[in-house]
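Note sheet for the following structure.
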Amino acid sequence: MSRKSSLLWVLFWISTALAFNAGVWYFYGQQKALEFFTGYLIEYSLSVDNLFVFIMIFSYFGVDDKQQHKALNWGIAGAIVFRMIFILFGITLIHYFHQIIYIFGVLLLWSAYTMAFSKNKDIQPDKIPLVRWCRKIIPVTKDYHGDRFFTRSAAGLCATPLLIVVLVVESSDIMFAIDSIPAILSITQDPFIVISSNIFAILGLRSLYFALAGVMRLFRFLKQGVAVILAFVGVKMLLMDIFHVPTFTSLLVIVSLLTISVLSSVIWKQNAIGSK
């Protein structure tokens, strides 16, 4: 997929999400529309950070462009299923055990700290439970076999490295869901709004990856911006029973933080070029 084609698909998915948001406004009112858009923006910004991990995974395994398409397609399909399970589980927990919001708040603050100050770690597939489980039950070939997940050899049915790649992608998304689901639950616990905003953010992830894969390093301060957003949402969750932050205020804060992080990255890049 060319960068131009990817950008057009990114615009398509964003436009589709905005059209859906207009429908939410029409049928459910302004408040629900604000909740959807704020949740969508949180999920989308966290998804952008997830792209850094995808780049590392595909680089580590030497996955070519065609194989990346299939891996992302299956990864996104799995992400939607896992997110729906986590969302319904999280909403049920809050309904029956309201104090869980404080645990979610602390979790988000810890995630913000680690995102802001920790360095990217090397990919270690053998330490991922899903990968270990797969290798125990079926042999894995050393070489890729096109875009197939399984192939036959003298030893019988074998998995290909592409299946391992998909399992690693799924595992990384599960880890990111631990951050993103509590974040959006701080905005609303309406299952329809939470699930729909998640799905729309995830659907555009593949196109966004191919559009930004070559320029991700230009967004030097994006990770710090997302970390501050997580910290803001974590504090908001901890204070939820004491002080209510309106959804529109949350939206303004998130948009402002994303704008500042992107503009700071652009200015830093221009200064770096000018100093050479």
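Add 255 to a position in the sequence shown, counting from 1, and you land on the number used in the working numbering.
We put the beta carbon where it would ideally sit given N, CA and C, even for glycine.
Extent of the continuous alpha helix (DSSP H) to which residue i belongs
i	result
S219	Limits of the chain in this structure are 256 at one end and 531 at the other, which puts residue 219 out of reach.
G345	320 to 351
G360	355 to 372
G480	477 to 493
G278	258 to 283
Nearest-angstrom Cα separation, counted from residue j out to residue i
i	j	result
P446	I346	7 angstroms
I419	S314	14 angstroms
V318	T415	12 angstroms
L212	I522	Outside the displayed range of the chain (256 to 531) lies residue 212, so it cannot be described from this structure.
L493	K478	23 angstroms
F282	A456	21 angstroms
L289	T502	7 angstroms
I340	N453	12 angstroms
D320	F404	16 angstroms
Q286	L440	15 angstroms
S435	D496	21 angstroms
Y351	I358	14 angstroms
W365	L412	43 angstroms
M430	V424	10 angstroms
D398	A326	16 angstroms
T514	F307	19 angstroms
A332	R338	10 angstroms
R258	I310	15 angstroms
I312	K491	33 angstroms
S462	I393	32 angstroms
V303	Y464	8 angstroms
Y299	I450	13 angstroms
I442	T406	46 angstroms
H400	H324	15 angstroms
G284	G278	9 angstroms
D388	V336	For clarity, residue 388 is Trp in the given sequence; the question names Asp instead. Distance between the alpha carbons of W388 and V336 is about 20 angstroms.
L301	I448	17 angstroms
T369	S426	18 angstroms
Q444	V500	15 angstroms
Supposed close pair residue i, residue j - CB separation, criterion 8 angstroms
i	j	result
G330	V421	6 angstroms
F476	S519	5 angstroms
F342	L348	Rather than Phe, the amino acid found at residue 342 in this sequence is Ile. Going by Cβ atoms, the distance from I342 to L348 rounds to 11 angstroms, so no, they are not a contact pair.
A334	D402	Not a contact, Cβ separation roughly 19 angstroms.
G360	G480	Not really, about 20 angstroms apart at Cβ, beyond 8 angstroms.
A438	L363	6 angstroms
A482	A371	4 angstroms
S261	A466	4 angstroms
I484	I269	Wrong, their Cβ atoms sit about 19 angstroms apart, outside the cutoff.
F474	V517	7 angstroms
Residue i - containing beta strand (DSSP E), residue span
i	result
S408	405 to 408
G411	411 to 414
Residue i: CB within 7 angstroms of a non-hydrogen atom of the ligand MG
i	result
S300	You won't find the ligand MG in this model; it holds no ligand whatsoever.
Short CB-CB distance (under 8 angstroms) between residue i and chain D
i	result
A466	The chain labelled as chain D is not found in the depicted structure, where only one protein chain is given.
Just checking, does the segment 287 to 305 make contact with the segment 492 to 507 on the three C-beta pairs under 8 angstroms criterion? yes
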